[in-house]
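Protein chains: 2
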Amino acid sequence: MNIAAQATTHHGIREAIRARIVGGEWDLGELIPGEAEFAAQYSCSRSTVNRALQALAHEGIVERKRKGGTRVRPLQLPQARLRIPIIREEVQSAGQTYSHRIMRRERQLPPGDVAQRMHLPDDHELIHLQTLHLAGGEPFAFERRWVDPVTVPDFEEADLTAISANEWLIRMVPFSRGEASLLAVSADAELAQMLKVAPGEALFTMERTTWFEERSVTFTRLHYAPGYRLNFSL
Amino acid sequence: MNIAAQATTHHGIREAIRARIVGGEWDLGELIPGEAEFAAQYSCSRSTVNRALQALAHEGIVERKRKGGTRVRPLQLPQARLRIPIIREEVQSAGQTYSHRIMRRERQLPPGDVAQRMHLPDDHELIHLQTLHLAGGEPFAFERRWVDPVTVPDFEEADLTAISANEWLIRMVPFSRGEASLLAVSADAELAQMLKVAPGEALFTMERTTWFEERSVTFTRLHYAPGYRLNFSL
DNA sequence: TGCGATATTATGTGCATACATAATCATGAA
DNA sequence: TTCATGATTATGTATGCACATAATATCGCA
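Residue numbers (the working numbering), protein chains in the order written: chain A, 23 to 256; chain B, 23 to 256.
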C-alpha cells in the first residue's frame, strides 16, 4: 500500500511516512515513532528522518516538540497556498487579450479608511489612481489604488501605459510585505458604470495594503466583474 | 541594518541573506554568491548555507539551478498562506458564542453542477445538509453541503448537534485534499431569509470540494453574512 | 569552423558525529 | 507529600565528507 518504495532520500521517506499517517496507522494526536526508530526501519540515518519529519511538520501534518516526540496533528486545519494572480497574466492565460485604461490619476487626500489602513495621518497626500482592466475589450476588473509618494517618489512620473501600476510597483519595490482581505461588495453607481453591470450586483473584491520596511507603499481595492472566481487547492 | 546578528544557525544565515537581498545588494535576476562563498563570509559550513538558501528558494525569494547558481527571483509574485478558518473558532475568537442549527438533512440527487464538481454521475444519491451558523444568536453563515455516503458511510447517522458537520468530517476523514473557490453571489430569496438580509445583498461565498484518495467526500457552498472579510497576510 | 566528448563547477543529498536544548522522569531531601 | 535537582531522552542543529546530478565550458578532432 506504500505510495512507492523509494531509495533512502529524505523526501522518499517523507512520502512513506505521510502515506502511513494518511493510511491511519496512527490515530489523530497519537505519538508516532521517534527519529531513531524510523531510521532503523528505513535503514537510513537519523538526519534523513529528521529532514523528512521537519518537512511534514512544516506542512502541518505532524506536530513536534523537543522531548515530547512527534505526533499526528490532532485537528488538521485546512490551509492553502494562495497565489495572488497578476491580472494581466490571469487574463492572458485564459487566452484573452489584456489591456488597461487609466480613468483617473491625481494627487489628493485619501478617504479616512484608506489613510487608516495605510497607517498614515489624515493629512498625508497620496497619489490616487483608477484603472479599468479589460479582457478582450470587456471590463474585467476595476481598481482604485493609492500610492504613497514619499515611499515611492518615482511613481508620480511613471509611464503606466505599457506596464500596469501593479507590475511597476512590484518591479520597483519588490519584497514588500502586506495584508490582504477578500470580501463581497454591491456595485455602487460608479462601479456599475465602469464594469458595465447593474447597480447592486455582487462583486468579488480584494483589498491589499503593502509596506516596505515599515513604510506604506500602496493600498488597492480591486473589484472583479461578476462571474469571477478565485480558485486554489488545499 | 541587519535584522539581527545571530550565530551561525541556518535560519540566522537565512535572515542575513534575506536582509541583503531585500536591501538591494543584488539586482532582480542577478546571480548571488555561491554556497562556498557565503560559507566563507559567515564562517560556517557549506551545508548550513545550503539549508538557508534552500529555504529562501522554497519561499520563492531566490531561484536555484544546479551549476547555474542562485539568483534573485526576477518577478516576485505575491503569494500567501491562507488558512481556511473553522467557523466555530472564527466566531469564538471574535469573542462571540457559536451555535448552529441544522435546517435540513436528507438523502437526494444533487443538482447537476454539484455532481459535476464532485466528479460523480448524475444518478448518485448524496446526503444534503443545510446548516445555519450563528454568532451570538445572529446569522453568521449559511452552508449547503453534500456528502457522499459511499465514501463516508457513517455520516448518515452522525450526531451533528454537538459538533458541526465540518468538524465531524475533518475528524473522521482527515488528510483529504481538495479544491476551493472564492466568489461573490447575490442573495436569493432563501439565502436572504436564512441570513436575515435583503434579497440581492452581496454575499462572500466559499465553495469547497474534498477528496480522500480519489473518492469524493463532500462539496460545500458557504455563504457568509454581509460584512464578512477573509483576512490574510502576504 | 563545427560538433561531440570531456572536464569543470555549483547545487543536491546522505551519513556519522557531536553537541545543544527542552521537556519529562526519577530521585531524594525537607 | 511536596518540591527542587539532576538524569534521561527526543528533537534541533552544525560540521566534514563523499558522492550524485545537471548544466556549462573547454578541448580536440574531423
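The beta-carbon is built from N, C-alpha and C at its ideal position, and this holds for glycine as well.
Under 8 Å between C-beta atoms of residue i and residue j
i	j	result
leucine 151(A)	serine 238(A)	no
isoleucine 54(A)	tryptophan 48(A)	yes
valine 113(B)	phenylalanine 162(B)	yes
arginine 101(A)	isoleucine 192(B)	The sequence given here has glutamine at residue 101(A), not arginine. Not closer than 8 Å, so no.
glutamate 165(A)	threonine 183(A)	no
glutamate 212(B)	proline 248(B)	no
tyrosine 257(A)	threonine 30(A)	What the structure shows of chain A is the stretch from 23 to 256, and residue 257(A) is not part of that stretch, so it cannot be assessed.
glutamate 111(A)	leucine 131(A)	no
valine 94(B)	glutamate 57(B)	no
glutamine 118(B)	alanine 157(B)	yes
isoleucine 35(B)	alanine 74(B)	yes
isoleucine 149(B)	valine 169(B)	yes
glutamate 229(B)	serine 203(B)	yes
isoleucine 83(A)	isoleucine 43(A)	yes
arginine 167(A)	threonine 70(A)	no
arginine 86(B)	alanine 79(B)	yes
Start and end residues, alpha helix (DSSP H) containing residue i
i	result
threonine 70(B)	68-81
glutamine 63(B)	57-63
methionine 194(B)	187-194
serine 238(A)	Premise fails: serine 238(A) lies in the beta strand (DSSP E), 237-246, not in any alpha helix (DSSP H).
alanine 220(B)	Taken as a continuous stretch (DSSP letters only), alanine 220(B) belongs to no alpha helix (DSSP H), as it is neither H nor E.
valine 44(A)	32-44
Helix, strand or coil at residue i [DSSP, three-state]
i	result
glutamine 130(A)	strand
leucine 205(A)	strand
alanine 184(A)	coil
isoleucine 106(B)	coil
glycine 200(B)	strand
proline 257(A)	As shown, chain A starts at 23 and ends at 256. That puts residue 257(A) outside it, with no answer to give.
methionine 140(A)	coil
methionine 23(B)	Because the pLDDT at methionine 23(B) is just 38, under 50, the model does not fix this residue reliably, and the point stays unresolved.
leucine 50(B)	coil
leucine 213(B)	helix
Extent of the continuous beta strand (DSSP E) to which residue i belongs
i	result
histidine 264(A)	Outside the shown range of chain A (23 to 256) lies residue 264(A), about which nothing can therefore be said.
valine 84(A)	84-87
alanine 116(A)	Alanine 116(A) -> no beta strand (DSSP E), and no H or E assigned at all.
glutamate 229(A)	224-234
phenylalanine 164(A)	160-169
phenylalanine 254(B)	252-255
Option nearest residue i by Cα separation, candidates the options
i	options	result
glycine 46(A)	Val195(B), Thr183(B), Arg251(B), Lys87(B)	Val195(B)
arginine 199(B)	Asp181(B), Gly222(B), Thr240(B), Val174(B)	Thr240(B)
aspartate 135(B)	Thr231(B), Gly249(B), Tyr250(B), Glu37(B)	Thr231(B)
leucine 256(A)	Gln215(B), Thr119(B), Lys218(B), Glu201(B)	Glu201(B)
arginine 251(A)	Leu205(A), Glu128(A), Ala209(A), Leu78(A)	Leu205(A)
leucine 244(B)	Leu104(B), Glu235(B), Trp233(B), Ile108(B)	Ile108(B)
phenylalanine 254(B)	Glu81(B), Leu104(B), Arg86(B), Thr70(B)	Leu104(B)
serine 121(A)	Lys87(A), Gln138(A), Ser186(A)	Ser186(A)
glutamate 236(A)	Ala214(A), Thr227(A), Arg167(A), Met140(A)	Met140(A)
histidine 22(B)	Ser115(B), Phe234(B), Tyr246(B), Thr227(B)	For residue 22(B) there is no data in the structure shown, the boundaries of chain B being 23 and 256.
glutamate 189(A)	Pro175(B), Arg167(B), Pro96(B), Trp233(B)	Pro96(B)
cysteine 66(B)	Glu128(B), His33(B), Phe226(B), Asp145(B)	His33(B)
valine 174(B)	Trp233(B), Arg88(B), Asp210(B), Ala79(B)	Trp233(B)
methionine 216(B)	Glu85(B), Gly159(B), Lys87(B), Glu179(B)	Gly159(B)
arginine 127(B)	Leu225(B), Phe197(B), Asp181(B), Lys89(B)	Asp181(B)
glutamate 178(A)	Arg129(A), Leu50(A), Asn72(A), Lys218(A)	Arg129(A)
Distance cut-off 7 Å: residue i Cβ against heavy atoms of the ligand FAD
i	result
proline 175(B)	Inclusion of the ligand FAD in the displayed structure is not the case, the ligand content being empty and no account of it being possible.
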